[in-house]
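Notes for the one structure printed next.
Numbering (the working numbering), first residue to last: -17 to 95.
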């Protein structure tokens, strides 16, 4: 009986640690984009999102006040522009789509910004 309690405790501990890790609590903050970086990304890419999408909000938070400089498409308002996507957030850079939250450093690398 005691052995089962120990195993159960270990399993619960692993679940708690995995939940904390994957929720982003233990991950370092992604650096924010500067105004010039956001302007450059806005000229060289398109950001696709849905209002209310948790991951989209996470991507948007990386830009803060500089979000206004991005070329953005809200997929529920313009679904015809999002037919090739299987998920959001997504970026179109040089005709290629990149889905999921992207680090600013990767976006800069892909666009040359």
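Don't be surprised by glycine CBs; every beta carbon is placed ideally from N, CA and C.
No experiment lies behind these values; they were computed from the predicted model shown.
About 14 Å separates the CB atoms of residue 48 and residue 27; that is not less than 8 Å, and the two are not in contact. Look at residue 15 here: in three-state DSSP terms it is coil, with no helix or strand label. Taking the Cβ atoms as the reference, residue 20 lies roughly 4 Å from residue 51, within the contact range of under 8 Å. Under the Cβ criterion (8 Å, minimum of three pairs), the segment 29 to 38 counts as touching the segment 54 to 62. Burial state of residue 94 is exposed, judged by a 10 Å Cβ sphere holding fewer than 16 other Cβ atoms. Residue range 78 to 81 is occupied by the beta strand (DSSP E) that includes residue 81. Residue burial is scored here from C-beta neighbours: residue 23 has at least 16 other C-beta atoms within 10 angstroms and is therefore classed as buried. Ranked by Cα distance from residue 76, the first of 85, 68 and 89 is 89. Counting only runs of at least 3 residues, the segment 30 to 63 fully encloses the following beta strand (DSSP E) elements, listed from N- to C-terminal order: 54 to 56. Boundaries of the alpha helix (DSSP H) harbouring residue 93: 86 to 93, taken from the DSSP string.
Ranked by how close their Cα comes to the Cα of residue 81, the residues 92, 87, 91 and 68 have 68 in first place. Looking at the DSSP output, residue 28 sits in a beta bridge with 74.
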